[in-house]
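Everything below concerns the one structure shown next.
There are 2 protein chains.
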Amino acid sequence: MSVTAPLGFRAAGVAAGIKSDGQRDVAVVINDGPQRAAAAVFTKNRVKAAPVLWSQQVVSGGRVRAAVLNSGGANACTGAPGFQDTHATAEHLAALLDDSAGEIVVCSTGLIGERLPMQQLLAGVDAAVAEAARDGGLNAADAIRTTDTVSKIAFRRGSGYTIGGMAKGAGMLAPSLATMLSVLTTDAVLTSEQCDALLRAATEVTFDRLDTDGCTSTNDTVLLMASGASGTTPDEEEFARLLTEVCQDLCRQLLADAEGATKTIAIEVVGAASTADAVEVGRAIARNALFKCAIYGEDPNWGRVLAAVGTTDAAFEPDQVNVAINGVWVCRGGAVGDDRAKVNLKPRDVTVTVDLSAGSAAATVWTTDLTVEYVHENSAYST
Amino acid sequence: MSVTAPLGFRAAGVAAGIKSDGQRDVAVVINDGPQRAAAAVFTKNRVKAAPVLWSQQVVSGGRVRAAVLNSGGANACTGAPGFQDTHATAEHLAALLDDSAGEIVVCSTGLIGERLPMQQLLAGVDAAVAEAARDGGLNAADAIRTTDTVSKIAFRRGSGYTIGGMAKGAGMLAPSLATMLSVLTTDAVLTSEQCDALLRAATEVTFDRLDTDGCTSTNDTVLLMASGASGTTPDEEEFARLLTEVCQDLCRQLLADAEGATKTIAIEVVGAASTADAVEVGRAIARNALFKCAIYGEDPNWGRVLAAVGTTDAAFEPDQVNVAINGVWVCRGGAVGDDRAKVNLKPRDVTVTVDLSAGSAAATVWTTDLTVEYVHENSAYST
């Protein structure tokens, strides 16, 4: 169902020859209205790809007619010529839609530091617009894959409206925006200000708390487009909950497909003095290479959890920290707790609970294990 | 020559049965004076092992008679009983030396979260003191190894005095104090204040800039003891230079023996607005899993270097950053530079130079690649 689950959207995904293996590599998501409110959040990396620099300007206007996305090349670190390529892509799609380039979002993903093959890309945009249809959401989700082994799509039905979404991302999933690219759509009636507030609230507790390898991409973009085609003005509370669920659903799929991962790890930090403390502690554990190796080895090594907690500025006393791994409190009061032999780390899903005994705030950060396969995949990716 | 290169020191390393494989696991380094000025720097991890908590108190007095070190157990996250074990160890050595426990430094390394076998440890201290001799430095260096495949020792001759040292550490080499344990000795005449200032200056540009896996140990300790036995009051400038060289020498050995590493990587950051900026950028690259995998794969993937630089707060403009890998400027002005095919990544030593074009400050951070062997070693360490 993907991005075309809501009314008012057409989409397509085509093979334009940017990827050498002949797979789909260009997608469009077109909002036929009647409204075109939109918002987006972007990578916090200061080295931003050309399409991010372009799309930030577009989204600041609060209106988006369509998004064009390509895999097979990130168009990052490509200088002024790379920015011109993005601009030309937006102009090309705008001309096909008889609309303004200033309302066209562009997203790219793939290798950094290489120019895009513009002839193939623009021909691909032609083909995608020709194919764009109400049932094109699956092909669009397929076309934005890089090392993703499966497409990631999700949707939720609200009271009189629908929210749909697609995402891609298998590595470089880090802080401030863990997915590389995601497009969310809805036929609810929303202003661009509502889109912005709702998107920020939803991504803050989902994409922003995914940290597979601590590496922040140059291209991360999460775009929300609202067509208003349902005619329904949603209850904000319900919409916020459902949008968060769609984002969370996509995050789960990203985790399940993360490069080389054999475990999906939820790090629940409870008893924190603040949410910020809880997130900081969760992220420190999520980025600790030794902890991630231990989980790969199915070793409930809580000492490495404590060593990671100790690198943070969060409020806690070392002798009051408790740690559970898959429900067994292997560390109590900063020292040995229950028998670690009771911990079953065979299942893919692992939950590490850290109780800081410093307050009542909590947050969950999601990560994966550090595996031999991750190293293999990322040492051979570009060569 | 190790820690017994300078006059006034005895040392030993014995097998006390703490390690299950019968290797040496207890070392002593004894300062027979006439002076006993000392200083130390410790891990910045807030979860500190019992011997660190103990030794911080000892060193604050500025006088150290001896150090006792064990491998086979870190005595970290062991609560009040673990601290009592450390205290008992210091008392035991003090009694053997007819001295004060308040001037005995204790260091431990090994697994976190397990109590030390005190009967074996105290018997080991007895044996080590009995064996301690002017030629015992090599055995002491051997006894502090954990996953280290070789002992790490170094020394330099100054004008009328000598500086010696040993270190251990093969993983968990991170920020603020990269080595787990190091003991430095000198027969120069120094006050404890001089020891402190000289040690901090030397470690700031050596141990502090080693970052193999971003993981900060709970036990890191670098101790400097001055016996005054040479009778020589050193030229401070010369002593500072030689002490830094000894630390640097030990760091090189730690890098060469880092767990599973196949490359030793120097990240030189130049053109920075400040030294702090240069260190921040160097550390961000040193901790970037994707960059480290790329170097393992002998892939000069400068895009990952830029993506890492972009996560920092350092002063720079993305379109003015230049990157060289082993001398080839593969990125100029934030975009493609010279042909990456010219980069030879076959040798173990790799140099990545990042020119931020933002000032005249510089710093070098050392790291290693992220390898299949690292994951293997660290997923199986305790199981």
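Those protein sequence lines, which keep their order, are chains G and W. Numbered per our numbering, the first sequence spans residues 6 to 388. Numbered per our numbering, the second sequence spans residues 6 to 388. In this text, a Cβ means the ideal position worked out from N, Cα and C, and glycines have one as well. Fair warning: this is a prediction, and the values are worked out from it, not measured in the lab.
Cβ of residue i less than 8 Å from any chain B Cβ?
i, result
"Ser222 (chain G)", "Chain labels in this structure do not include chain B; the protein chains are G and W."
Nearest-angstrom Cα distance between residue i and residue j?
i, j, result
"Ile158 (chain G)", "Gly13 (chain G)", "18 Å"
"Gly77 (chain W)", "Leu102 (chain W)", "24 Å"
"Leu228 (chain G)", "Ala313 (chain G)", "33 Å"
"Ser113 (chain W)", "Cys220 (chain W)", "17 Å"
"Gly233 (chain G)", "Lys351 (chain G)", "46 Å"
"Ala193 (chain G)", "Gly236 (chain G)", "7 Å"
"Val8 (chain G)", "Arg70 (chain G)", "14 Å"
"Ala179 (chain W)", "Thr154 (chain W)", "In this prediction, Ala179 (chain W) scores a pLDDT of 47, lower than 50, which makes its location untrustworthy; the coordinate-derived value is nonetheless stated afterwards. Spanning the two alpha carbons is a distance of roughly 19 Å."
"Leu182 (chain G)", "Thr249 (chain G)", "Its pLDDT being 38, under 50, Leu182 (chain G) is placed unreliably in this model, and the value from its coordinates should be taken loosely. Leu182 (chain G) and Thr249 (chain G): Cα-Cα distance of roughly 14 Å."
"Thr217 (chain W)", "Val52 (chain G)", "24 Å"
"Thr223 (chain W)", "Ala271 (chain G)", "24 Å"
"Glu264 (chain W)", "Val111 (chain G)", "43 Å"
"Thr388 (chain G)", "Glu378 (chain G)", "In this prediction, Thr388 (chain G) has a pLDDT of 37, which is less than 50 and means its spatial position is unreliable; what the coordinates show is noted afterwards. Using only the alpha carbons, I get a separation of about 16 Å."
"Ala21 (chain W)", "Arg29 (chain W)", "7 Å"
"Thr151 (chain W)", "Ser25 (chain W)", "12 Å"
"Glu355 (chain G)", "Ala128 (chain W)", "It is worth fixing the name first, because residue 355 (chain G) is Val in this sequence and not Glu. About 42 Å."
"Asp90 (chain G)", "Met123 (chain G)", "7 Å"
"Ala172 (chain G)", "Arg161 (chain G)", "15 Å"
"Asp147 (chain G)", "Gly38 (chain G)", "24 Å"
"Thr317 (chain W)", "Glu285 (chain W)", "7 Å"
"Asn75 (chain G)", "Ser362 (chain W)", "32 Å"
"Thr184 (chain G)", "Arg120 (chain G)", "Residue placement at Thr184 (chain G) is poorly supported in this model, since its pLDDT is 46, which falls under 50; the coordinates still yield a value, given next. Going from the Cα of Thr184 (chain G) to the Cα of Arg120 (chain G) covers about 22 Å."
"Ala294 (chain G)", "Leu375 (chain G)", "7 Å"
"Val310 (chain G)", "Ala79 (chain W)", "15 Å"
"Val64 (chain W)", "His381 (chain W)", "38 Å"
"Ala54 (chain W)", "Gln62 (chain W)", "13 Å"
"Ser60 (chain G)", "Ala81 (chain G)", "14 Å"
Is residue i near residue j, with beta carbons less than 8 Å apart?
i, j, result
"Thr358 (chain W)", "Glu273 (chain W)", "yes"
"Gln325 (chain W)", "Gly308 (chain W)", "no"
"Gly142 (chain W)", "Leu247 (chain W)", "no"
"Ala261 (chain W)", "Leu203 (chain W)", "no"
"Val73 (chain G)", "Val33 (chain G)", "yes"
"Gly395 (chain W)", "Ala43 (chain W)", "This structure gives no information on residue 395 (chain W), because the portion of chain W shown stretches from 6 to 388."
"Thr372 (chain G)", "Ala291 (chain G)", "yes"
"Ala277 (chain W)", "Ala319 (chain W)", "yes"
"Ala368 (chain W)", "Arg214 (chain W)", "yes"
"Ile4 (chain W)", "Ala95 (chain W)", "What is shown of chain W runs 6 to 388, which leaves residue 4 (chain W) out entirely."
"Gly170 (chain G)", "Leu259 (chain G)", "no"
"Leu275 (chain G)", "Pro305 (chain G)", "The amino acid at residue 275 (chain G) is misidentified as Leu; the sequence shows Val. Cβ distance not < 8 Å, so Val275 (chain G) and Pro305 (chain G) don't count as in contact."
"Gly302 (chain W)", "Ser384 (chain G)", "yes"
"Val348 (chain W)", "Val333 (chain W)", "yes"
"Arg279 (chain G)", "Ala206 (chain G)", "Looking at the sequence shown, residue 279 (chain G) is not Arg but Ser. No; because the gap between Cβ atoms is not below 8 Å, this pair is not in contact."
"Ala17 (chain W)", "Ala137 (chain W)", "yes"
"Lys268 (chain G)", "Arg353 (chain G)", "yes"
The beta strand (DSSP E) with residue i in it runs from where to where?
i, result
"Val57 (chain W)", "No beta strand (DSSP E) holds Val57 (chain W); the alpha helix (DSSP H) holding it covers 55-65."
"Arg162 (chain W)", "157-162"
"Cys3 (chain G)", "The first residue shown for chain G is 6 and the last is 388, placing residue 3 (chain G) beyond what the model contains."
"Leu116 (chain W)", "First-last for Leu116 (chain W): undefined, no H or E at that position."
"Ala71 (chain W)", "71-75"
"Glu273 (chain G)", "269-277"
"Gly141 (chain W)", "Looking at the DSSP string, Gly141 (chain W) is not in any beta strand (DSSP E), and its letter there is neither H nor E."
"Ser365 (chain W)", "First-last for Ser365 (chain W): undefined, no H or E at that position."
"Thr191 (chain G)", "186-191"
"Gly404 (chain W)", "Outside the modelled stretch of chain W, which goes from 6 to 388, sits residue 404 (chain W), for which no answer is possible."
"Thr226 (chain W)", "226-231"
Could you spell out the range, first to last residue, of the alpha helix (DSSP H) harbouring residue i?
i, result
"Asp282 (chain W)", "280-291"
"Val130 (chain W)", "123-136"
"Leu260 (chain W)", "241-261"
"Cys200 (chain W)", "197-209"
"Asn383 (chain G)", "377-384"
"Leu311 (chain W)", "307-314"
### Query
Taking Cβ-Cβ distances below 9 Å as the criterion, which residues of the segment 75-103 of chain W are in contact with chain G?
Residues Ala79, Ala81, Cys82, Thr83, Gly84, Ala85, Pro86, Gly87.
### chain G contacts made by the segment 24-56 of chain W, where a contact means CB separation under 9 Å
Among the residues of the segment 24-56 of chain W, those with a Cβ less than 9 Å away from any Cβ of chain G are Thr48, Lys49, Asn50, Arg51, Val52, Lys53, in the order of the chain.
### Where the segment 363-378 of chain G meets chain W: residues whose CB sits under 7 Å from a CB there
Hits within the stretch, in order: Leu375, Thr376, Val377.
### Task
Taking only beta carbons into account, state which residues of the segment 253-271 of chain W come closer than 8 Å to chain G, listed in chain order.
none
### Task
Give, in chain order, every unbroken run of the beta strand (DSSP E) that is at least 3 residues long and sits entirely within the segment 333-359 of chain W.
333-337
### Task
Identify each residue in the segment 322-334 of chain W for which the Cβ-Cβ distance to at least one residue of chain G is less than 7 Å, and report them in chain order.
Residues Pro323, Asp324.
#### Entry: Contained beta strand (DSSP E) runs [length at least 3] in the segment 20-45 of chain W, N- to C-terminal order
31-36
#### Entry: the segment 110-123 of chain G: positions lying closer than 9 Å to chain W by Cβ
Answer set for the segment 110-123 of chain G: Leu116, Ile117, Gly118, Glu119, Arg120.
#### Entry: Near-chain W residues of the segment 339-353 of chain G (beta-carbon distance less than 8 Å), N- to C-terminal order
Gly339, Ala340, Val341
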